[in-house]
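Following our numbering, the numbering of the sequence shown begins with -1 at its first residue and continues without gaps. Inspection log for the structure reproduced underneath, given as structure tokens.
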Amino acid sequence: MTLLVLTNDDGFGAPGINALEAALFHDEFTKYSAGSGAVSGAASSAGSSTAAPDKIQCVTVAPDAPHSGCSHQMNRGGAIAIDERAQGRYAIGGTPADCSRVAISHLYPDADWVLSGINAGGNMGSDVYLSGTVAAVREAVLLRKRAIALSQYHYRNQPFDWARASRLSARVLAQLMAMPLPVGQFWNVNLPAPPLDGSADDPEIVFCQGCTQPLPIEFVVDEAGFRYAGAYEDRLRDPKSDVDVCLSGRISVVKVQMW
């Protein structure tokens, strides 16, 4: 039995974490864990692989309120409330990093993986330093657990398709969980937005590097001060980086090395 802890930064009960749980019981998870599907990039053939889990148990340890963009902030002074809202489903009065720490140190010390997401929005390139979604897996890695962050990029003014996000996550998770992952590293996955032209929607999985370019730094200045005005989709891209891959309609996968 493989024990998976699910968390996020959008909060307990958010549609993204529900989609993540659904992904682990999706037909695509079973299908691709059997070895079908193509991957691109150097990491796709690196090292020996292990079998993807055939029997899994999912538990949820997620913040009781949204913490988008909180980075690796932690509650180090006040009490951290733990509310078991159903069997194996905990709402935590803390940040995503707190959730990983509470889950691993107290609730589920035998967890095999920590999966964070599916975030409502991209977490590519320099986003990983700001993201609560990514901070949850970073904390898990510090505590010597394997971990994967998943995020769904989308176009402004377009609704999220969480059923699609679940299907794509099932495919990529089956492959990543069957690959070697050294201590001190984690996977950061970004799912592309659905094609606007209605074309075939079976995006390639591409292993790549994280983009080194900054987010758009544009401001509107008014009497109140400076307001960010840059468009996420207009950000600079290193060629073949995760920003380039995901904004071009493919699934980007970056192996992030912490040490």
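Backbone N, C-alpha and C fix where the C-beta goes; we use that ideal spot for every residue, glycine too.
Roughly how many angstroms separate the alpha carbons of residue i and residue j, rounded to a whole number?
| i | j | result |
| --- | --- | --- |
| His152 | Cys56 | 26 Å |
| Ile215 | Ala229 | 9 Å |
| Leu22 | Gly9 | 19 Å |
| Arg83 | Gln71 | 24 Å |
| Gly86 | Val3 | 10 Å |
| Lys29 | Ala63 | 35 Å |
| Ala133 | Gln255 | 13 Å |
| Glu137 | Ser69 | 11 Å |
| Asp220 | Val139 | 43 Å |
| Thr5 | Asp199 | 27 Å |
| Asn73 | Ala95 | 9 Å |
| Ile90 | Thr131 | 15 Å |
| Arg169 | Asp7 | 22 Å |
| Gly14 | His65 | 14 Å |
| Arg99 | Asp195 | 43 Å |
| Met(-1) | Ile54 | 5 Å |
| Val59 | Lys238 | 34 Å |
| Ser34 | Gly75 | Confidence at Ser34 is low in this model, with a pLDDT of 43, below 50, so the placement of that residue should be treated as unreliable; the coordinate-derived value is given next. Between Ser34 and Gly75, the C-alpha separation is close to 48 Å. |
| Cys97 | Val204 | 29 Å |
| Ala40 | Tyr88 | In this prediction, Ala40 has a pLDDT of 42, which is less than 50 and means its spatial position is unreliable; what the coordinates show is noted afterwards. Taking the straight line from one Cα to the other gives about 38 Å. |
| Leu105 | Ser197 | 44 Å |
| Asp110 | Ile102 | 10 Å |
| Leu213 | Glu231 | 10 Å |
| Gly67 | Arg248 | 24 Å |
| Ile116 | Leu148 | 5 Å |
| Gln150 | Glu26 | 18 Å |
| Ala12 | Phe217 | 30 Å |
| Leu128 | Ser114 | 15 Å |
Tell me, which residues are paired with residue i by DSSP?
| i | result |
| --- | --- |
| Asp81 | Ala89 |
| Ala60 | Ala89 |
| Val218 | Arg225 |
| Gln55 | Leu1 |
| Ser239 | Gln207 |
| Leu113 | Leu4, Ile146 |
| Gln255 | Gln183 |
Could you check what DSSP says for residue i in three-state terms: helix, strand or coil?
| i | result |
| --- | --- |
| Phe23 | coil |
| Ala118 | strand |
| Asp232 | helix |
| Leu2 | strand |
| Tyr106 | coil |
| Arg225 | strand |
| Lys29 | helix |
| Ser98 | helix |
| Ser129 | coil |
| Ser250 | strand |
| Pro13 | helix |
| Ala49 | Unreliable placement is indicated for Ala49, whose pLDDT of 46 sits below 50; the coordinate value is still reported in the next sentence. Three-state result, Ala49: coil. |
| Gly75 | coil |
| Gly67 | coil |
For chain C, find out if any of its Cβ atoms is closer than 9 Å to the Cβ of residue i; answer yes or no.
| i | result |
| --- | --- |
| Phe224 | No chain C appears in the structure shown, which is made up of a single protein chain. |
- Message: Suppose only complete runs of 3+ residues qualify. What are the beta strand (DSSP E) ranges in the stretch 138 to 212, listed by chain order?
- Response: 144 to 150, 183 to 189, 203 to 206
- Task: Take every Cβ of the stretch 166 to 183, pair it with every Cβ of the stretch 209 to 226, and state whether three or more of those distances are shorter than 8 Å.
- Result: no
- Query: So, do the stretch 120 to 128 and the stretch 153 to 168 have three or more beta carbon pairs nearer to each other than 8 Å?
  - Reply: no
- Message: With three or more C-beta pairs closer than 8 Å as the rule, is the stretch 140 to 147 touching the stretch 199 to 218?
- Response: no
- Query: Do the stretch 187 to 205 and the stretch 237 to 248 make contact, defined as three or more Cβ pairs closer than 8 Å?
  - Reply: yes
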